[in-house]
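Chains as they are written, first to last, in our numbering: chain B, 1 to 181; chain F, 1 to 234; chain G, 1 to 607.
Cβ coordinates follow ideal geometry from the N, Cα and C atoms, glycine included.
Remember, it's a predicted structure, so these values are computed and weren't measured experimentally.
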C-alpha cells in the first residue's frame, strides 16, 4: 500500500516553522517511513502530484498568491494543519494590520529612510502578487482542521502532532507543547 | 447568627470557608483551581475579565466577587464553563494586539498562562488589530497599550496601594482605554520604578526596562506547568 | 485660561463644597458655560477637589453630553434612534449638514453650532426629534430645517424654535415645549383621576413596616423593566443597618422606544413626589434623589419649582404632613447622556460623581448603595404606582391584571402605527389588542421591551404583556411590512456597543465581534456556520456579562434569528465545508488594486 502523502508550504512566514520540522533530527527517518512528501519546499516539489492526507501550513495570507496556494492546499489535502503563530494569528506579518496598506507600501517603497526611488514608482508588475488589505490567519480563509501553535512550534510539537494524525489518534498536546512563542 | 464556618461544594468536593470569604478565596485555600485573570490579591476584586466565572446554585457569577454561602453548590471545572472561559480569554486576545512572539512578557504573561491552561490553540474570533499608543518616555518603565486588557489592576494598585492614581480609564465601551494625566507623558507622572503598580500588570503593558528576556525559554513562569504557586516574577 | 473662566470654575467647585462626589454637577455646569471641559479645566477642577486630573477626564470622557473639545454655542443633537430613522431622521440630519455646512460630529468654524447624533431622546411618539441645547423639537421634516437654522442664526436662542406648545403642562411657562403628551389610553391606576396626596396621608397613618407590607401585598414589581418586587427591595433597605438611607428615583429611561416616564414627569410629578415621600417613610430614608436623564433637562426648571412648592406646602422637608420625625427631601441629579446609568448601580455610581460603571454585587444597593448607605432605587412609574396603591389599598390594585402580574402597565407605543403614544393597560393584555388599539394593521414584527427585549413575529401576537410572558419596561415598537428588520436589528446592536460602559470583557469586546460577523451575514457573506457562530457568541455574551446591558445586548440579533429565521435564510450562502463564507477576497484586494491600477489575475472580477 502506498504511504500517505504529506505537503507543506510557507505562506507569509519566515520558514522558521520549516526549520523546526527539520529539527526533528533523526526522527525524519521515521517520518520518511510514515509518509511521502508531495508539494513541499523540503523536497522542492513545486506542484501537487497526488492527493495528500496532510498539508502543513506555515504563515498567514498576506497576498493574493498566499490565498491561491492555501486554496490549492485545501483542495488537495484531506487534513490541513496551521503550523505556527503566523498561520494561526497572522503573527509578526500581521503587525502591519493596524496600518493602512497605502501607508505600508509608501514606507517600504517611497518614504522609508533607506529608500532611493526618485521616480516614486510603486512596483506593480503583474508577476508581483497584489497584497491583501490585511494579513489573514489561514482559518479565516479556508477551513483548518488542526492547529500547532508556537513561534515556531517545537520539533516535538510538530512530531507529536504528525504522529498522532498519521496513526489516527486524537491530537491532544501536553501542556508543555502548547506555546504561542 | 453568623457561624464560624461555611461548608459548600465545588464540583462535588466539600469546601469550608470563613464567613466573608469569596468562593475563589475558599477554593484557593482548598487547592481547587479556578482560572482567573483580573483578580490580584490585596485589591478589591474587579470582576471585569469574567474568566473566574462559576455556576453557583445554577447561576453564573464571578467567583472573585461571590461570597461563599452555606450549602452552595458550585460548578467550576465543567466543559460548559470552560468553554465560556475560552471565549472570554479569546476575546481579550483579539481585542488587543497580542503578538506573543514579539512580546517580552511572553512566558510570564498571565493572559497567555490562562489560555494555555484552558488549552486554547487558536483564536475562535478574528483579531481586531486596533491602533493603540505606546509610551517609552519614562526612564525605567515602558507602557504599551497594545497589550492592555483593561483589568484595572494598575488603576487600583496605583490608587489604593501607591496612593498616586497615575492611571485611570477614559472613554467607554470599545473605546475604553487606560490613560495617564491628560497631556502628560509617562515620564511626567509621579510613577516610580519602586511603585507596586509596576509589578501589577498581568500582561506586557507595564514593563520594566532592561530586564526583558533575562529568563531563558523553558524556565519562564508558564513554560512547564499551569498556574505555578509562585506568582509572576515582575 | 482667562481669569473670569477660572474664577467661574473655582466658584462652581466651591458651590458644591469642592465635593468629589458632586463631580457630575460640577462638570455639567462647566460644560454648559464653557461649551467644553478643557485639559486646563480638568487640572483646575482636580486641584480644587483634591483629585488627579485623569480622574476628571475619566468622567468627562464617559458621558456623551460632556466634551473635551469646544462645542458650538448651540449643540444640535439629531436623534438617530431606529424609530426616528424610520420617520425621516436621516434626512433631517442631512438637511442640518447642508444648512450648517458641517458634518455630524463637527462644529462650525465660527463656533456657533455643533451637530451630533444622539440615541433615543424619549420622543419616539413624535419622531423625528432633535435636541437643540435643552430645547426639544419634534415631528420634524427636512424641509423645515433651513428655516430653523435661519432662526437660530438670527436669534441665537433655541427657544425661538418653539412656536406652538404641546398641551398639558408642556405649556407651563417653566417648560414651554412643543412636546406632546400623547396619552392614548387612561387606565385604572396611574392615569385615572385621584385625590391628591391621599396615598401619602394614608401612609403616615400607618406604621412604616405596614406600608412595606401593603406594597408587598399589592404585588407591585419594578416598572423599569427588571420587575424586581418593590416591597421586597424596600424591606431589604428598611432592615439594612445604617442611620442614613436614600431613596433614588430612576428617571433615566433610555431604552430606545420608551417615553412613559417623560409623560409622568410632565403631568404627574406631584404623584411621583408623593410616592417618593411614601417610599422614604417606608424605608426610613430622609434623602431622595431623582436621577433625571440629561435629555429631559427641558423639564428641570418645572420640576424644581414643584419641589419648591411642595416644600412650602409641608409635603417635603421636615415633619411632612405635620408628622413628627418624618423628614424627607428630594434633589434632582442630572445625568450626562449614558444609557447604562438606567442600571441602578451604574446610576448610583453616576450620582457619586463617577463613571457610570455598574457596581459589583453583592453588596446590593439595599445594603450598600449611594455613598455606601442603604439605598432603594425605584423607577418613576413604580413610585407613582406606590402612591396609588396606598390610596386605594393593596387588594384593589391586586384585583387588576393577572394573578401573577398585578395592576396596570404603561406602554410607550411607537413605530408603524396610527396612534403612537402612552397606553395604560392592565397586565395580561395581548399584542393583538395593543396593535388594534394603536392602529397597526399589518405589523411585520413588534419589538417588546425595546432592543433589550424581544422581536415578536405575527404568529406570536397572542402573547401577553406580563411577567410570565413578555416582561417589559414598556417599550413597544411596531414595524410595518416594508421595514428591513435585520438592518434595524443591526442598528440596535450598534446602540448597545455605543452605550456599553466597557467594564467587562464580553460586553466590551464580544458585542463588537457580534456586529462584525452580523454585517458579513447581512452582506450575503455568511452561511449556516456563521449563524451558529452568532448564536454561540451571543450565548457567551448573555451568560457572562456583568450587568443587564451586556446580558441583553445581543437580543436584537438573537431574537430575530429565533423568530425571523427566513429573513436570514434568504441571505445565506450555500454551505461550504472548505471555504470561509465571510472571507471576501475582492474586498481584501480592493486597496492594492486601486493603488496599483490593475486588477488581480489570480482572482479576476467576474463582472
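**Study point:** Whole-Å CB distance - residue 559(G) paired with residue 472(G), under 8 Å assumed
**Key:** Not confirmed; about 13 Å, so no contact.
Review point. So residue 6(F) is in the alpha helix (DSSP H); what residue range does that whole segment cover?
Key: For residue 6(F), no alpha helix (DSSP H) segment is defined; the enclosing uninterrupted segment is the beta strand (DSSP E) at 6-10.
Check your understanding: Over what stretch of residues does the beta strand (DSSP E) that includes residue 496(G) continue unbroken?
Key -> Premise fails: residue 496(G) lies in the alpha helix (DSSP H), 485-499, not in any beta strand (DSSP E).
Exercise for review: Could you check if residue 338(G) is buried or exposed, using at least 16 other CB atoms within 10 Å of its CB as the buried criterion?
Suggested key: Answer is buried; the Cβ neighbour count reaches 16.
Check your understanding: In chain G, which residues lie less than 9 Å from residue 201(B) when you measure between Cβ atoms?
Key -> The structure shown does not extend to residue 201(B), since chain B spans only 1 to 181, so no value can be given for it.
Review point. According to DSSP, is residue 441(G) helix, strand or coil?
Key: Of the three classes helix, strand and coil, the one that applies to residue 441(G) here is coil, per DSSP.
Exercise for review: Give me the Cβ distance between residue 105(F) and residue 203(F), rounded to the nearest whole Å; I'm assuming they're in contact under 8 Å.
Suggested key: Contact holds; Cβ gap of about 6 Å.
Review point. Nearest to residue 122(F) by CA position, among 89(F), 215(F), 36(F), 11(F), is which residue?
Key: For the options 89(F), 215(F), 36(F), 11(F), the alpha carbon positioned closest to that of residue 122(F) is the one of 89(F).
Check your understanding: Where does residue 330(G) fall in DSSP's three states?
Key -> Looking at residue 330(G) - three-state DSSP - the assignment turns out to be strand.
Check your understanding: Taking the alpha-carbon positions, what's the residue 105(G) to residue 99(G) distance?
Key -> Those two C-alpha atoms are separated by around 15 Å.
Check your understanding: From the beta carbon of residue 87(F), is the nearest beta carbon of chain G less than 8 Å away?
Key -> Residue 87(F) has a beta carbon lying within less than 8 Å of a beta carbon in chain G.
Exercise for review: Take every Cβ of the stretch 23-35 of chain B, pair it with every Cβ of the stretch 83-95 of chain B, and state whether three or more of those distances are shorter than 8 Å.
Suggested key: In short, these stretches do not touch, since the Cβ pair count stays below three.
Check your understanding: Rounded to a whole number of angstroms, what is the C-alpha to C-alpha distance between residue 196(F) and residue 155(F)?
Key -> Distance between the alpha carbons of residue 196(F) and residue 155(F): 11 Å.
Practice item. In the DSSP assignment, find the alpha helix (DSSP H) that holds residue 519(G) and state where it starts and stops. Key: Per DSSP, the continuous alpha helix (DSSP H) segment holding residue 519(G) begins and ends at 511-522.
Point to revise | With 16 other Cβ atoms within 10 Å as the buried cut-off, status of residue 291(G) | key: Counting the other CB atoms within 10 Å of its CB gives residue 291(G) a total of 16 or more, which places it among the buried residues.
Review point. Is it true that the stretch 402-413 of chain G meets the stretch 296-308 of chain G, where meeting means three or more beta-carbon pairs spaced less than 8 Å apart?
Key: Under the Cβ criterion (8 Å, minimum of three pairs), the stretch 402-413 of chain G does not count as touching the stretch 296-308 of chain G.
Check your understanding: Can you name, in chain order, every residue of its own chain whose Cβ lies under 6 Å from the Cβ of residue 216(G), other than the five neighbours on each side?
Key -> Scanning its chain for C-beta atoms nearer than 6 Å, with the 5 sequence neighbours on each side dropped, one finds around residue 216(G) the residues 231, in chain order.
Check your understanding: Counting Cβ pairs closer than 8 Å, one from the stretch 350-366 of chain G and one from the stretch 81-89 of chain G, do we hit at least three?
Key -> The way I'd put it, the stretch 350-366 of chain G doesn't touch the stretch 81-89 of chain G; fewer than three beta-carbon pairs between them come closer than 8 Å.
Review point. Which two residues bound the contiguous beta strand (DSSP E) that contains residue 563(G)?
Key: Unbroken run through residue 563(G) is the alpha helix (DSSP H), 555-563; no beta strand (DSSP E).
Point to revise | Minimum C-alpha distance to residue 60(F) - residue among 76(F), 46(F), 70(F) | key: Nearest option by C-alpha distance: 76(F).
Check your understanding: Since residue 142(F) meets chain B, which of its residues come closer than 8 Å, beta carbon to beta carbon?
Key -> Chain B residues near residue 142(F): none, gap ~17 Å exceeds 8 Å.
Check your understanding: Counting contacts by CB-CB distance shorter than 8 Å, is residue 141(B) in contact with chain G?
Key -> Interface with chain G (8 Å Cβ-Cβ cutoff): residue 141(B) is included.
Point to revise | Residues that DSSP places opposite residue 129(B) in a beta bridge | key: None, per the DSSP bridge assignment.
Exercise for review: Note down, in chain order, each residue of its chain lying with its Cβ closer than 8 Å to the Cβ of residue 125(G), except the 5 sequence neighbours on either side.
Suggested key: Cβ neighbours of residue 125(G) beyond the five flanking positions: 180, 182, 259, 412, 413, 414, 420, 421, 422.
Review point. Is there at least one Cβ from chain B nearer than 8 Å to residue 217(G)'s Cβ?
Key: For residue 217(G), no Cβ of chain B is located within less than 8 Å of the residue's own Cβ.
Review point. According to the Cβ coordinates, are residue 148(B) and residue 168(B) closer than 8 Å?
Key: Result no, Cβ atoms of residue 148(B) and residue 168(B) do not sit closer than 8 Å.
**Study point:** Option nearest residue 439(G) by Cα separation, candidates 568(G), 266(G), 416(G)
**Key:** If we check each option's Cα against that of residue 439(G), 416(G) comes out closest.
Review point. Who are the Cβ neighbours of residue 8(G) in its own chain at under 7 Å, not counting the five residues just before and after it?
Key: Same-chain partners within the cutoff: 33.
Practice item. Can you give me, in chain order, the residues of the stretch 117-133 of chain B that have a beta carbon less than 7 Å from any beta carbon in chain G? Key: When CB distances to chain G are screened at a threshold of 7 Å, the residues of the stretch 117-133 of chain B falling below it are 122, 124, 126, 130, 131, 132, 133, in chain order.
Review point. Does the count of Cβ pairs from the stretch 328-343 of chain G and the stretch 34-41 of chain G closer than 8 Å reach three?
Key: Between the stretch 328-343 of chain G and the stretch 34-41 of chain G, the count of Cβ pairs shorter than 8 Å is below three; the stretches do not touch.
Practice item. Have a look at residue 49(B) and residue 599(G) and give me their C-alpha separation to the nearest angstrom. Key: Computed Cα separation, rounded: 30 Å.
Review point. Mind checking if residue 577(G) is an interface residue toward chain B, Cβ cutoff 8 Å exclusive?
Key: With its beta carbon less than 8 Å from one in chain B, residue 577(G) belongs to the interface.
**Study point:** Per-residue contacts from residue 125(F) into chain B (C-beta, under 7 Å)
**Key:** Ordered by position in chain B, no residue passes the 7 Å Cβ test against residue 125(F), which lies about 10 Å from the chain.
Review point. In the DSSP assignment, what residue or residues form a beta bridge with residue 144(F)?
Key: Paired residue(s): 134(F).
Check your understanding: Start and end of the beta strand (DSSP E) containing residue 168(F)?
Key -> Element bounds for residue 168(F): 168-170.
Review point. Should residue 51(F) and residue 67(F) be called a contact, given that it needs their Cβ atoms to be closer than 8 Å?
Key: Judged by their CB atoms, residue 51(F) and residue 67(F) are not nearer to each other than the 8 Å cut-off.
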